[in-house]
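Here the structure is laid out as structure tokens; the discussion comes afterwards.
Numbering (our numbering), first residue to last: 2 to 484.
What follows is the structure, given as structure tokens:
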């Protein structure tokens with residue numbers, strides 16, 4: 002049963018080939034057997050999962066037949082989940098049990114999805130390798146000596162290893178798409194405001210967006226149909242009708258205009274990945290698409306702009322973790338100042354401290370105009386580049402990452418090298434655009450992903466292109482040996 006996709010599970014449950022309880026028990030046994038190799042889960046909620054599975058089976062027996070009713074998933078551990086530890090991968094929240102459900106958790110629970118637990122992640126979603134977690138690094142099931150990507154690395158590793166069919170993730174600078182690429186999954190970052198951020202512990206509020214990780218575009222469409230929608234509790238949520246993501250999957254690609262940015266194919270791109278990207282272009286041309294070279298001239302400024310804006314917002318968002326109201330508190334503080342200083346110094350990891358320091362500096366008097374304001378101007382220029390490009394093409398295609406998965410610890414002493422792994426993904430976050438990564442091949446046995454970007458609220462188009470590509474190829478069906 003663990004080899005079934007989410008769509009196949011939906012069909013099997015509807016046909017009564019198996020029950021949600023049977024499926025849930027099988028996957029829980031698989032998690033207990035295999036997760037020690039991967040470290041993908043922070044918490045496994047076995048009792049809750051079986052209760053939800055029993056409830057889903059009862060709902061089906063009463064005549065309900067929702068696509069996700071009884072389907073097992075798991076949540077990245079920054080979505081607040083009532084009565085369950087929500088740690089954000091950090092020591093500072095190791096003892097925090099959320100008193101309420103995030104909107105995404107609530108929506109998926111209402112759809113009948115069964116939550117198997119909470120998944121490992123880079124601390125406060127800060128990282129590209131899933132090595133900064135307080136609970137230890139996650140390992141890539143394709144090669145246990147390599148990273149799965151970050152910050153949604155636990156979600157990616159668990160789905161790639163067939164521990165569950167789909168999971169939630171979040172994407173601030175590529176943290177759904179990049180791990181999807183490194184583990185042979187389909188990962189979707191929706192348009193900013195399409196999926197509620199309420200109850201999602203914030204890293205950078207103007208960049209964070211929740212989305213699904215699964216093996217196929219069809220599965221991502223199933224997840225997004227349940228996750229997306231307006232939420233009055235989230236001031237950044239957009240009140241706009243949802244598309245029929247499943248209904249548009251099979252539309253023909255005749256006349257689709259694909260843009261290839263020349264800036265994507267510079268010196269930093271592994272030539273093996275460039276070759277795979279061009280092969281995917283040829284496949285899409287066979288399906289009726291045309292291709293045009295375009296330019297995104299301000300892309301070169303994206304990394305410096307992002308690493309000013311994101312840490313600045315993080316320094317503000319993380320100020321609430323002070324040892325007073327919730328979370329980790331240092332032992333025997335001498336006074337309030339000592340409580341603040343030691344609780345934060347002992348509770349936060351090195352990468353989080355680095356970004357808080359950078360962000361606080363960028364927002365400080367005398368530097369705000371020189372750094373933060375300039376970064377926001379660059380952000381606008383990047384958005385303008387995309388708007389000009391989308392006047393000529395329907396989607397933009399390119400590599401998701403500049404290289405395949407690297408070895409654990411290989412880039413720990415060079416944060417900038419790790420930051421550069423986000424070069425192709427962060428522009429979508431800066432502009433608020435939807436983006437998707439899909440499996441497109443292998444480089445020396447390691448998965449390679451291709452990224453698609455579309456205009457605002459055109460997730461259905463991304464899913465349609467990826468689905469038609471997956472009907473014509475079999476990259477997404479390949480599983481890591483031993484899993």
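The beta-carbon is built from N, C-alpha and C at its ideal position, and this holds for glycine as well.
Span separating the alpha-carbon of residue 353 from that of residue 135:
11 angstroms
Rounded separation between residue 60 and residue 151 - CA only:
36 angstroms
For the alpha helix (DSSP H) containing residue 361, name the first residue and the last one.
351–364
Where residue 451 falls: helix, strand or coil (DSSP)
strand
Candidates 275, 14, 415, 433: which alpha carbon is nearest residue 64's?
14
In the DSSP assignment, the beta strand (DSSP E) including residue 381 goes from what residue to what residue?
Careful: residue 381 lies outside any beta strand (DSSP E), inside the alpha helix (DSSP H) at 375–391.
Using alpha carbons as the reference points, say which of 210, 265, 252, 220 lies closest to residue 239.
210
Element boundaries [beta strand (DSSP E), containing residue 156]:
First-last for residue 156: 154–161, but that is the alpha helix (DSSP H), not the beta strand (DSSP E).
Out of 76, 233, 432, 69, which has the shortest C-alpha to C-alpha gap to residue 224?
69
Cβ atoms of residue 198 and residue 394: under 7 angstroms apart, would you say?
no
Hey, out of 298, 277, 359, 319, whose CA is closest to residue 401's CA?
277
Note the first and the last residue of the continuous alpha helix (DSSP H) segment covering residue 344.
337–348
Which of helix, strand or coil does DSSP assign to residue 299?
helix
Ordered along the chain, which non-local residues of its own chain (more than five positions away) have a Cβ less than 8 angstroms from that of residue 35?
162, 164, 484
In chain order, what residues of the same chain lie with their CB nearer than 8 angstroms to the CB of residue 339, ignoring the 5 residues before and after it?
331
If we ignore side chains and look at the alpha-carbon of each, how far apart do residue 254 and residue 463 end up?
11 angstroms
Top-ranked residue by Cα proximity to residue 178, from 470, 435, 475, 447
435
Contact between the region 139–150 and the region 115–130: three or more CB pairs below 8 angstroms?
yes
Could you compute how far the alpha carbon of residue 320 sits from the alpha carbon of residue 80?
19 angstroms
Taking DSSP as the reference, what is the three-state secondary structure of residue 117?
strand
Rounded to whole angstroms, what is the Cα-Cα separation between residue 195 and residue 229?
6 angstroms
Could you give the DSSP three-state label for residue 85: helix, strand or coil?
coil
Pick helix, strand or coil for residue 200, following the three-state DSSP scheme.
coil
Going by Cα to Cα distance, which pick from 226, 76, 344, 127 is closest to residue 46?
76
Per DSSP, what are the beta-bridge partners of residue 169 in this structure?
213
Sequence ranges, beta strand (DSSP E) only - wholly within the region 243–299, length at least 3:
258–262, 291–295
What residue range does the beta strand (DSSP E) around residue 73 cover?
73–77
Rounded distance between the beta-carbons of residue 8 and residue 219, thought under 8 angstroms:
5 angstroms
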